[in-house]
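Novice: My structure is below; once you've seen it, I'll send some questions.
Numbering (the numbering used here), first residue to last: 87 to 956.
Here it is, written out as structure tokens:
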């Protein structure tokens, strides 16, 4: 920053510092952050205090306080503000079952967020997604696969979620509490996991047992062990009280029982929801007062703007505002965000090390669900038919709450690089779901209608919003599927730009087509990007940014090429563009037949996408509603694709890309191998190719249960845990929680306990020898499951109490030890009281759950009873 503006900023900061130093109660800059915060808050007016309790906190020049937007995202990368490393989606990270990996990922995210912050400089104004308060991780329990936001979580198990949360939080914040890299924010506290429809006013009836046994442990671990610096309260209510106004939750549990000393932020507009949807108070002044008194320090939204009115009419005392403000400003001091204005520092955000970590994380996340007769890894140099709607799309790499990947590698690209372009044939085959357009594939696009034309469309990139003169850059884009959130393409300077793509569209067969232009609309912003689509010189789509008329239905009589031109003008704050279609099923399946005809093996990339599962989406098609799912099976169009591929007689490998469990009955019956790849991040295509080729040995494990049908599940709106997750499910799953295969074999022997009989309060040590009995090196995920005394009707069937991911060379044996403290040996009664209780227990040590994986069982008894704090 330079020039007059910078001069004014430095002068304002200096003036504020002089005022601060000269104040009678001033403290030295070396004083504790809380002391400095109290002094600062004491000199604010009521209006200034109210403004600082909102997430978009404005500058106070007279006090030298720069503007600071508290909202930043870092679920699986430093998100929504330009290029950054895109790691696998959270559910994929959870499938690694590797807390150490989560800590490394958290550290990388914090480093990139800090680099973005430093590029502006301490003491300068920081806008949204430029700060150091990161609203991640999402550690809600993924209790039902129908929830569209379950992809953001670490799965269905409280212990696994807690272990991963602690590591991620520690990675974000770093080893020095006095000077954190950034501040992590576990969310959404508490008991929040859908449905998306009605989430803003949903009142949850949860039993004391389920609340304590399932929904709170991961948050407790993130606070008491991870020492998270902030917590986000959710949209929902518990038994009639919105959680952002629940003093029992925010004060008694969070602060008193767990010793939390940080700040609480509301989910965005959750306080406003208390008025509009929960009807908790008559206006936002009343709702804001209730939330602040209960312990919600910061409002993401604008409801707290009414706190001045709340103070004037006696709903809340100014001292309550001061308490919240001290917590907030103490956090800003610890982060180094306040103080003498510092010049911006040019620090690299992305790095080769982070790119390597993203690839490693993707590799560790892959779960081999099925592998009949050693179908994988692929042998030799096979000719591969790559099919499926997820084979070549950026959105299924990045998922939601993502950064922008500089060079994303789709599965199609990854397989071409690993096996050779000449060995790969490709056909899209189907949409993700009926009525949901997918990117027009490269097979249907040419730069010209003439024979021999290059694959893709010719892109002309212009500076500014017009198309006049010579373009600043030209290139061939093999498909139009771009994430340009806070970045400019083709080396254009930052600012407005325009792109014109021209070429020919080659329909794979006659029939009715829907062409669509999808623009990733920015959230809570002003100005959208207009587009125009021409086919054979006729304007078929014209959009002025209003989200209307974005599709055109066309009929093609044959496969002859059609001229196509797409014009996109980036004049607002939108984040990317996709040219999409819905093609006739018969034409796409016929193209699959041709692709399969000379292939040795078919690899089908099927599953879901962030267009059909996610946060409060506007979608209503068979199987999907509002971001959630109404059916957990593979969508019908993709089932038809797999049936066609299986009918060819070629070996079929299915790669599932999704953010949640999918019932793959047909695939399980017909496919030789199945891999769960989740939404694998920027290097997902490389990781998949390496797994298929055998370069990497898969070791991921499922963090969720794969059920056979939605009929196996209780109602989605019920938060009763009976019948849900591996802990309480009575049926036979398609694939159980903890399941995952390897290209090698592992054997277990010599399991021992430190003692066969314990007294309540004792710690139990269990150990077992794990041997890699196969012919290649690999990782094993050793899991410990506790079974409870018979007759305890509330206890789960079993519960995970230990995990270790270990690397073993072929033939190597290692002794694995678990130390189980009283909390891990405890259970919860109907009143929600946690205790160690007497009886006979079972402990299984193995590579999965008993009956699914090799391992050994042990028994021990407990005498006496010990109540544990909540």
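Glycine residues also receive a C-beta, built at the ideal position from the N, C-alpha and C atoms.
Only a predicted model underlies this, so the values are computations on that prediction, with no experimental measurement involved.
Quick check on the DSSP output: the beta strand (DSSP E) that includes residue 362 runs from which residue to which?
Specialist: Not the beta strand (DSSP E): residue 362 falls in the alpha helix (DSSP H), residues 356-362.
Novice: According to the neighbour-count rule (16 or more other Cβ atoms, all chains shown, within 10 Å of its Cβ), is residue 893 buried or exposed?
Specialist: The residue is exposed, with fewer than 16 neighbouring Cβ atoms inside 10 Å.
Novice: Counting pairs of beta carbons, one from the stretch 750-764 and one from the stretch 731-742, are three or more of them closer than 8 Å?
Specialist: In short, these stretches touch, since the Cβ pair count reaches three.
Novice: Can you tell me where the alpha helix (DSSP H) with residue 191 in it begins and where it stops?
Specialist: Start and end: 185-206.
Novice: Contact check, residue 789 vs residue 180 under 8 Å by CB: the rounded distance?
Specialist: So it is a contact: roughly 4 Å between Cβ atoms.
Novice: Should residue 131 go down as buried or exposed, given a rule of 16 or more other Cβ atoms within 10 Å for buried?
Specialist: Residue 131 should be labelled exposed.
Novice: Does DSSP put residue 736 in a helix, in a strand, or in coil?
Specialist: Coil.
Novice: Can you find the residues in the same chain that come closer than 6 Å, C-beta to C-beta, to residue 565, ignoring five residues on each side of it along the sequence?
Specialist: Counting only Cβ-Cβ distances below 6 Å, and skipping sequence neighbours, we find 525, 528.
Novice: Mind checking whether residue 294 and residue 803 have CB atoms under 8 Å apart?
Specialist: Against a cut-off of 8 Å, the Cβ pair of residue 803 and residue 294 comes out as no contact.
Novice: Between 521, 264, 575, which lies nearest to residue 600 when the distance is taken from Cα to Cα?
Specialist: Nearest of 521, 264, 575 to residue 600, Cα basis: 521.
Novice: Could you tell me which of 881, 505, 490 sits nearest to residue 574, measuring between CA atoms?
Specialist: It is 490.
Novice: Helix, strand or coil for residue 169 per DSSP?
Specialist: Strand.
Novice: Return helix, strand or coil for residue 645, following the three-state DSSP convention.
Specialist: Correct three-state label for residue 645: coil.
Novice: For residue 950, does the count of other Cβ atoms within 10 angstroms reach 16, so buried, or fall short, so exposed?
Specialist: Residue 950 should be labelled exposed.
Novice: Rounded to a whole number of angstroms, what is the C-alpha to C-alpha distance between residue 144 and residue 907?
Specialist: Distance between the alpha carbons of residue 144 and residue 907 is about 47 Å.
Novice: Given this structure, state the Cα-to-Cα distance separating residue 546 from residue 629, to the nearest angstrom.
Specialist: So the two alpha carbons sit approximately 20 Å from each other.
Novice: I think residue 411 touches residue 194, with their Cβ atoms under 8 Å apart; what is that distance to the nearest whole Å?
Specialist: With a Cβ gap of about 32 Å, residue 411 and residue 194 do not count as contacting.
Novice: Among the residues of its own chain, which have a CB less than 7 Å from the CB of residue 534, if the five just before and after it don't count?
Specialist: Excluding residues within five positions, the ones whose Cβ falls inside 7 Å are 589, 590.
Novice: Quick one: is residue 879 buried, meaning 16 or more other Cβ sit within 10 Å of its Cβ, or exposed?
Specialist: Per the 10 Å Cβ criterion, exposed.
Novice: Considering only residues of the same chain and omitting the five flanking positions on each side of residue 721, which have a CB-CB separation below 6 Å?
Specialist: Answer for residue 721: 519, 709, listed in chain order.
Novice: Rounded to whole angstroms, how far is the Cβ of residue 54 from the Cβ of residue 296, which I believe are closer than 8 Å?
Specialist: Outside the modelled stretch of the chain, which goes from 87 to 956, sits residue 54, for which no answer is possible.
Novice: Would you kindly check if the distance between the Cβ of residue 222 and the Cβ of residue 786 is under 8 Å?
Specialist: No. Outside cutoff.
Novice: Do the CB positions of residue 225 and residue 240 come within less than 8 Å of each other?
Specialist: Contact flag set, yes.
Novice: Going residue by residue through the stretch 535-621, where are the continuous beta strand (DSSP E) segments of at least 3 residues, counting only ones entirely within it?
Specialist: Runs found: 543-549, 559-563, 567-569, 583-591, 597-605, 617-621.
Novice: Thinking just about the alpha-carbon of each residue, which of 901, 370, 141, 882 is nearest to the one in residue 891?
Specialist: Looking at the Cα atoms, 901 is the closest of the given residues.
Novice: In the structure shown, what three-state DSSP assignment does residue 513 receive?
Specialist: Reduced to three states, the DSSP call for residue 513 is strand.
Novice: Three or more beta-carbon pairs under 8 Å between the stretch 692-712 and the stretch 770-785, yes or no?
Specialist: Because the criterion of three Cβ pairs below 8 Å is not met, the stretch 692-712 and the stretch 770-785 do not touch.
Novice: For residue 411, name the three-state secondary structure that DSSP assigns.
Specialist: Helix.
Novice: Return helix, strand or coil for residue 748, following the three-state DSSP convention.
Specialist: It is coil, neither helix nor strand.
Novice: Specify, as a first and last residue, the run of the beta strand (DSSP E) that residue 900 falls within.
Specialist: It spans 899-906 - the beta strand (DSSP E) in which residue 900 sits, taken as one unbroken run.
Novice: With a threshold of 8 Å on Cβ separation, who are the neighbours of residue 163 within its own chain once the five nearest residues in sequence on each side are excluded?
Specialist: Cβ neighbours of residue 163 beyond the five flanking positions: 170, 171, 172, 173, 195, 198, 488, 489, 767.
Novice: Can you name, in chain order, every residue of its own chain whose Cβ lies under 6 Å from the Cβ of residue 805, other than the five neighbours on each side?
Specialist: The residues are 290, 292.
Novice: Among residues of its own chain, excluding the 5 on either side of residue 910, which ones have a beta-carbon nearer than 8 Å to its beta-carbon?
Specialist: Answer for residue 910: 245, 872, 887, 888, listed in chain order.
Novice: Taking the alpha-carbon positions, what's the residue 425 to residue 157 distance?
Specialist: Approximately 20 Å, taken between the alpha carbons.
Novice: Kindly provide the ranges of any beta strand (DSSP E) runs that are 3 or more residues long and lie completely inside the stretch 404-481, ordered along the chain.
Specialist: 453-457, 470-473, all fully within the stretch 404-481.
Novice: Should residue 107 be labelled buried (16 or more other beta-carbon atoms within 10 Å of its own) or exposed?
Specialist: Residue placement at residue 107 is flagged as unreliable, the pLDDT there being 38, under the threshold of 50; the coordinate-derived value follows with that caveat. It counts as exposed.
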